[in-house]
Amino acid sequence: GAVVSQHPSWVICKSGTSVKIECRSLDFQATTMFWYRQFPKQSLMLMATSNEGSKATYEQGVEKDKFLINHASLTLSTLTVTSAHPEDSSFYICSASPLSGYTFGSGTRLTVV
Amino acid sequence: GENVEQHPSTLSVQEGDSAVIKCTYSDSASNYFPWYKQELGKGPQLIIDIRSNVGEKKDQRIAVTLNKTAKHFSLHITETQPEDSAVYFCAAASNNAGNMLTFGGGTRLMVKP
Chain A
1203 GAVVSQHPSW VICKSGTSVK IECRSLDFQA TTMFWYRQFP KQSLMLMATS
1253 NEGSKATYEQ GVEKDKFLIN HASLTLSTLT VTSAHPEDSS FYICSASPLS
1303 GYTFGSGTRL TVV
Chain B
1042 GENVEQHPST LSVQEGDSAV IKCTYSDSAS NYFPWYKQEL GKGPQLIIDI
1092 RSNVGEKKDQ RIAVTLNKTA KHFSLHITET QPEDSAVYFC AAASNNAGNM
1142 LTFGGGTRLM VKP
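Chains as they are written, first to last, in this note's numbering: chain A, 1203 to 1315; chain B, 1042 to 1154.
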């Protein structure tokens, strides 16, 4: 079946530094990928839609300069959290949509200290 | 935009009993309704989905029903087992390829042995 690989699975960084999270579709091409953020005991909230070869579309309230998204190929999208702060600590999950539906990555636990 | 409500937020059942989780959606254009199981620290895993041209779908102990007129759909798990314990999310999308998923708030299911 369709597989989405997400790395790293967890990362701890210092306040003010940047962190990059990768999302790869392993056995299908994804012109569109989605990035979600999930706080403890809450649902998944869509942050942005990543489109191959063009600018990402951000949801209202999500700072595009803080959460940089690059979708340079049909199998890779990256999310960079710039100048991270403790309030950015969360579980970040990517998703892609093969013809059979939506497949999610395993998530990245980001802790900013 | 789409709004998905999910109930109950927590559900505790005895092993072997059935569990039912219900969701309502607001956008009559939605035509794809997946259900995901999320275990602690992991990404959501698709367990079953249904499209708007079908009223019911079953896969072993799991079934989903859809009432388009009332705009609600439900997940039914029979003969529950302790390993069914997890958080379950319903979602809706107006296209099953490329359009974003809107998630319900989640249901924490606990199956007591």
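Don't be surprised by glycine CBs; every beta carbon is placed ideally from N, CA and C.
For residue i, which of the options has the nearest alpha-carbon?
i: ARG1149(B); options: SER1093(B), ALA1104(B), VAL1061(B); result: VAL1061(B)
i: GLY1146(B); options: VAL1221(A), PHE1230(A), SER1207(A), LEU1248(A); result: LEU1248(A)
i: ALA1232(A); options: HIS1209(A), THR1251(A), PRO1300(A), PHE1269(A); result: PRO1300(A)
i: GLY1203(A); options: HIS1209(A), ASP1229(A), ASN1272(A); result: ASP1229(A)
i: ILE1103(B); options: GLU1056(B), SER1093(B), HIS1048(B), GLU1120(B); result: GLU1120(B)
i: LYS1109(B); options: ILE1118(B), GLU1097(B), HIS1117(B), ASP1058(B); result: GLU1097(B)
i: ARG1092(B); options: LYS1078(B), GLN1055(B), PHE1114(B); result: PHE1114(B)
i: LEU1278(A); options: SER1227(A), SER1297(A), LEU1312(A), TYR1304(A); result: SER1227(A)
i: SER1071(B); options: ILE1088(B), ILE1089(B), GLY1042(B); result: GLY1042(B)
i: GLN1122(B); options: SER1059(B), VAL1095(B), MET1141(B); result: SER1059(B)
i: VAL1054(B); options: PHE1130(B), LEU1142(B), ILE1118(B); result: ILE1118(B)
i: ASP1100(B); options: ALA1111(B), ASN1094(B), LEU1116(B); result: LEU1116(B)
i: SER1207(A); options: PHE1269(A), GLU1265(A), GLY1307(A); result: GLY1307(A)
i: LYS1266(A); options: SER1275(A), TRP1237(A), ILE1214(A); result: TRP1237(A)
i: LEU1276(A); options: TYR1304(A), SER1252(A), GLY1263(A), CYS1215(A); result: SER1252(A)
i: ILE1223(A); options: PRO1288(A), THR1280(A), ALA1298(A), SER1297(A); result: THR1280(A)
In this structure, does DSSP put residue i in helix, strand or coil?
i: PRO1154(B); result: coil
i: ALA1138(B); result: At ALA1138(B) the pLDDT is 39, less than 50, meaning the model places this residue with poor confidence; the figure from the coordinates comes in the next sentence. ALA1138(B) falls in the coil class under three-state DSSP.
i: ASP1229(A); result: coil
i: ASP1090(B); result: strand
i: GLU1289(A); result: helix
i: PRO1242(A); result: coil
i: PRO1085(B); result: coil
i: PRO1075(B); result: strand
i: ASN1253(A); result: strand
i: TYR1304(A); result: coil
i: VAL1272(A); result: Just to set this straight, residue 1272(A) is Asn in the shown sequence, not Val. Of the three classes helix, strand and coil, the one that applies to ASN1272(A) here is strand, per DSSP.
i: THR1277(A); result: coil
i: SER1207(A); result: strand
i: THR1051(B); result: strand
i: LYS1222(A); result: strand
i: VAL1315(A); result: coil
Can you round the beta-carbon distance between residue i and residue j to whole angstroms, since I take them to be within the 8 angstroms contact cut?
i: SER1217(A); j: ALA1286(A); result: 7 angstroms
i: ALA1132(B); j: PHE1074(B); result: 7 angstroms
i: SER1220(A); j: THR1313(A); result: The Cβ separation is near 14 angstroms, so there is no contact.
i: GLU1080(B); j: CYS1064(B); result: The pair is not a contact, with the Cβ atoms about 20 angstroms apart (cut-off 8 angstroms).
Item to check | Contact the segment 1286 to 1296 of chain A vs the segment 1239 to 1248 of chain A: 3+ CB pairs below 8 angstroms | outcome: Remark: three or more beta-carbon pairs, one from each stretch, lie closer than 8 angstroms, so the segment 1286 to 1296 of chain A and the segment 1239 to 1248 of chain A are flagged as touching.
Checklist entry - Using 8 angstroms as the Cβ pair cut-off and three pairs as the minimum, do the segment 1255 to 1263 of chain A and the segment 1046 to 1054 of chain B touch? => result no
Next on the checklist: What ranges does the beta strand (DSSP E) occupy inside the segment 1093 to 1134 of chain B, keeping only unbroken runs of at least 3 residues that lie completely in it?
Outcome noted: 1097 to 1100, 1103 to 1108, 1113 to 1118, 1127 to 1133
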